[in-house]
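S.K.:
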Amino acid sequence: MRVIEHLNQAKDTIISFEVLPPLKGRTINSIYDHLDPLMEFKPSWINVTYHRSESMFKKKQDGTFEKVEVRKRPGTVGICAAIMNHYKIDAVPHFICGGFTKRETEDALIDLNFLGVDNVLVLRGDAPKNETAFEPEQEGHRYAIDLLKQVSQLNNGLYLDEDILNGGKTNFCIGVAGYPEKHFEAPNLEIDLRRLKDKVDAGATYIMTQMFFDNQKFYDFVKACRNIGIDVPVIPGLKPITNKKQLSVLPRMFHVDIPTELSNAIMRCKNDEECEKVGTEWLIQQSKELKQFGAPVLHYYTLGKPKIVWNVVKELV
Ligand code: FAD
3 MRVIEHLNQA KDTIISFEVL PPLKGRTINS IYDHLDPLME FKPSWINVTY
53 HRSESMFKKK QDGTFEKVEV RKRPGTVGIC AAIMNHYKID AVPHFICGGF
103 TKRETEDALI DLNFLGVDNV LVLRGDAPKN ETAFEPEQEG HRYAIDLLKQ
153 VSQLNNGLYL DEDILNGGKT NFCIGVAGYP EKHFEAPNLE IDLRRLKDKV
203 DAGATYIMTQ MFFDNQKFYD FVKACRNIGI DVPVIPGLKP ITNKKQLSVL
253 PRMFHVDIPT ELSNAIMRCK NDEECEKVGT EWLIQQSKEL KQFGAPVLHY
303 YTLGKPKIVW NVVKELV
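Shown next as structure tokens:
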């Protein structure tokens, strides 16, 4: 089922989870071990992130180094199919511009369609680790909206190869990313919101947000979306803080603020166990308030911490 149908049919706030593909070399069982306990909450769908390859220098036998492209976490499409088959629930692959030509994108979308996956979260992706700015592939997309338009074209049966007449239509429900605290490259929130509206006008049926730790930022964001005419559901992305390192890592990597009350409480903790307790309590409170606000979905980034997310969601049902 498409995400938008889950949203339209929901009578109350629903739950969804997000997982990372396991590191190369691990089996699909690591995904099942991660998700099994969370299934008791009957999530409406599971998102699976996408990780592009990175350049690395590998030492050769003669002592010199060679540059190699390594994908540490492959398998997004296969994991989606496995989740759908194993749990009989929907899976939403993240789909990025970075590293793909338009033709590779089309082929990947055809694979998804054949596997019965009819959801995609369309994203630009970031620059590879060793590069400072995002650069599209030569025949690739520069912005998420360009990728979104390609998916929409395929939904209309239009393939890159113009010889294909009466092409089979896909039926992808397309989600896009939104940033309550602004995307880090946007000059200001207003311009970022206008670009978000462009994505919605081009066919996105819902917005999934970057994580945030202060609900007021989400409320303000939803209000600002409505004020400029974005009327699709806005799904909050939620993540627990579980250690002191995250106080600097999360702002650096995701360009989000940690509220003083939360950072002070984490800094007072003596070990990770105490941090997890504080982070869990904070997320429970955030979730309860968002539910009361009328958030359509609570979407949890489980990222290696399924037990903590379990402890949070248990308090809501
Ligand atoms: P875009 O919508 O293309 O926006 C990128 C920037 O370009 C913004 O600053 C925007 O304001 C600007 N912009 C947009 N259109 C134009 C235009 N026409 N002219 C000039 N500027 C423009 N990354 C991954 O690699 N894998 C994942 O699985 C993944 N999952 C994510 C899930 C969520 C919910 C979120 C919020 C992010 C995720 N990301 C993921 C990170 C994402 O790829 C980065 O944040 C990326 O930098 C931006 O992606 P976007 O889709 O928002 O890009």
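For what it's worth, our numbering labels the leading residue of the sequence shown as 3, then goes sequentially.
A virtual CB, placed ideally from N, CA and C, is assigned to each residue, including glycine.
Please name the residue, chosen from 318, 319, 300, 309, that lies closest to residue 48 on a Cα-to-Cα basis.
M.R.: Counting from 1 along the sequence shown, the entry for residue 48 is found at position 46. Considering only alpha carbons, the answer is 300.
S.K.: Nearer than 6 Å: is that true of the beta carbon of residue 226 relative to any heavy atom of the ligand FAD?
M.R.: Walking along the sequence shown from the start, residue 226 turns up at place 224. No.
S.K.: So the alpha helix (DSSP H) residue 313 belongs to, where does it begin and stop?
M.R.: Stepping through the sequence shown from its first residue, residue 313 is reached at position 311. Its alpha helix (DSSP H) spans residues 308-316.
S.K.: Since residue 166 is in the alpha helix (DSSP H), which residue starts that stretch and which ends it?
M.R.: Indexing the sequence shown from 1 puts residue 166 at position 164. Where residue 166 is concerned, there is no enclosing alpha helix (DSSP H), given that its DSSP letter is neither H nor E.
S.K.: Start and end of the beta strand (DSSP E) containing residue 301?
M.R.: Against the sequence shown, residue 301 aligns to sequence position 299. Note, residue 301: beta strand (DSSP E), 299-303.
S.K.: For residue 10, report the span of its alpha helix (DSSP H) as first-last.
M.R.: Numbered from its first residue, the sequence shown carries residue 10 at position 8. 5-11 is the span of the alpha helix (DSSP H), which, as asked, contains residue 10.
S.K.: Since residue 220 and residue 292 are thought to touch, with beta carbons under 8 Å apart, how far apart are those beta carbons, to the nearest angstrom?
M.R.: As a first step, residue 220 must be located in the sequence shown, where it is residue number 218. As a first step, residue 292 must be located in the sequence shown, where it is residue number 290. About 7 Å separates the two Cβ atoms, so the contact holds.
S.K.: Could you give the first and the last residue of the continuous alpha helix (DSSP H) run that contains residue 1?
M.R.: Here the chain has residues from 3 to 319 only, and residue 1 is not among them.
S.K.: Tell me the DSSP secondary structure of residue 31 in three-state form.
M.R.: Within the sequence shown, residue 31 is the residue found at index 29, counting from 1. Residue 31 falls in the helix class under three-state DSSP.
S.K.: Since residue 211 sits in a beta bridge, which residues does DSSP pair it with?
M.R.: Here residue 211 corresponds to residue number 209 of the sequence shown, with the count starting at 1. In DSSP, residue 211 forms a bridge with 180.
S.K.: When you compare each of 16, 209, 243 to residue 308 by their alpha carbons, which one comes out closest?
M.R.: The residue given as residue 308 occupies position 306 in the sequence shown. Comparing Cα-Cα distances from residue 308 to each of 16, 209, 243, the minimum goes to 243.
S.K.: What distance in whole Å lies between the Cβ atoms of residue 159 and residue 142, which are believed to be in contact at a cut-off of 8 Å?
M.R.: As a first step, residue 142 must be located in the sequence shown, where it is residue number 140. As a first step, residue 159 must be located in the sequence shown, where it is residue number 157. That pair is no contact at about 22 Å.
S.K.: If the criterion is Cβ atoms closer than 7 Å, does the pair residue 122 and residue 95 meet it?
M.R.: The residue given as residue 122 occupies position 120 in the sequence shown. The residue given as residue 95 occupies position 93 in the sequence shown. Contact flag set, yes.
S.K.: Could you tell me the alpha carbon to alpha carbon distance between residue 84 and residue 30, rounded to whole angstroms?
M.R.: Within the sequence shown, the letter at position 82 stands for residue 84. Within the sequence shown, the letter at position 28 stands for residue 30. Each residue's alpha carbon lies about 8 Å from the other.
S.K.: Let me check you understand the geometry: is the CB of residue 216 closer than 6 Å to at least one non-hydrogen atom of the ligand FAD?
M.R.: Here residue 216 refers to the residue found at position 214 of the sequence shown. Because no heavy atom of the ligand FAD lies under 6 Å away, the Cβ of residue 216 does not count as near it: no.
S.K.: Using 7 Å as the threshold, is the C-beta distance between residue 19 and residue 45 below it?
M.R.: Here residue 19 corresponds to residue number 17 of the sequence shown, with the count starting at 1. Here residue 45 corresponds to residue number 43 of the sequence shown, with the count starting at 1. A contact, by the Cβ cut-off of 7 Å.
S.K.: Starting from residue 119, trace the beta strand (DSSP E) in both directions and tell me its first and last residue.
M.R.: Numbered from 1 along the sequence shown, position 117 holds the residue referred to as residue 119. Per DSSP, residue 119 belongs to no beta strand (DSSP E) and is neither H nor E.
S.K.: Just curious, the beta strand (DSSP E) that residue 267 is in, first and last residue?
M.R.: On the sequence shown, position 265 is the one that residue 267 refers to. Premise fails: residue 267 lies in the alpha helix (DSSP H), 262-270, not in any beta strand (DSSP E).
S.K.: Am I right that residue 76 and residue 26 are in contact with their C-beta atoms under 8 Å? What's the rounded C-beta distance?
M.R.: In the sequence shown, the residue the question calls residue 76 occupies position 74. In the sequence shown, the residue the question calls residue 26 occupies position 24. About 6 Å separates the two Cβ atoms, so the contact holds.
S.K.: Would you mind stating whether residue 1 and residue 202 have Cβ atoms separated by less than 7 Å?
M.R.: Shown here, the chain extends from 3 to 319; a query on residue 1 therefore has no answer.
S.K.: Quick one: what's got a C-beta closer than 8 Å to residue 288's C-beta in the same chain, skipping five residues either side?
M.R.: Mapped onto the sequence shown, residue 288 falls at position 286. Same-chain partners within the cutoff: 215, 217, 240.
S.K.: Do you know offhand how far residue 55's Cα is from residue 254's?
M.R.: On the sequence shown, residue 55 is found 53 positions in, with the first residue counted as 1. On the sequence shown, residue 254 is found 252 positions in, with the first residue counted as 1. Each residue's alpha carbon lies about 21 Å from the other.
S.K.: Tell me which same chain residues have a C-beta within less than 6 Å of the C-beta of residue 129, skipping the five on either side of it?
M.R.: Looking up residue 129 in the sequence shown gives position 127. Cβ neighbours of residue 129 beyond the five flanking positions: 135, 136.
S.K.: If we ignore side chains and look at the alpha-carbon of each, how far apart do residue 34 and residue 118 end up?
M.R.: As a position in the sequence shown, residue 34 is number 32, starting the count at 1. As a position in the sequence shown, residue 118 is number 116, starting the count at 1. Between residue 34 and residue 118, the C-alpha separation is close to 20 Å.
S.K.: Under the three-state reduction of DSSP, which class applies to residue 92: helix, strand or coil?
M.R.: Within the sequence shown, the letter at position 90 stands for residue 92. In this structure, DSSP gives residue 92 an extended state, which the three-state scheme calls strand.
S.K.: May I have a chain-ordered list of the alpha helix (DSSP H) segments no shorter than 4 residues that lie completely inside the stretch 27-73?
M.R.: If only uninterrupted alpha helix (DSSP H) runs of at least 4 residues are considered, those enclosed by the stretch 27-73 are 31-37.
S.K.: Counting along the chain, where does the alpha helix (DSSP H) carrying residue 191 start and finish?
M.R.: The count along the sequence shown starts at 1 and reaches residue 191 at position 189. 191-203 is the span of the alpha helix (DSSP H), which, as asked, contains residue 191.
S.K.: On the DSSP bridge list, what partners appear for residue 249?
M.R.: In the sequence shown, residue 249 corresponds to position 247, counting from 1. Answer is none; residue 249 lacks a bridge partner.
S.K.: Does DSSP put residue 175 in a helix, in a strand, or in coil?
M.R.: Counting from one through the sequence shown, the residue named residue 175 turns up at place 173. In the structure shown, residue 175 sits in a strand (DSSP, three-state: E or B).
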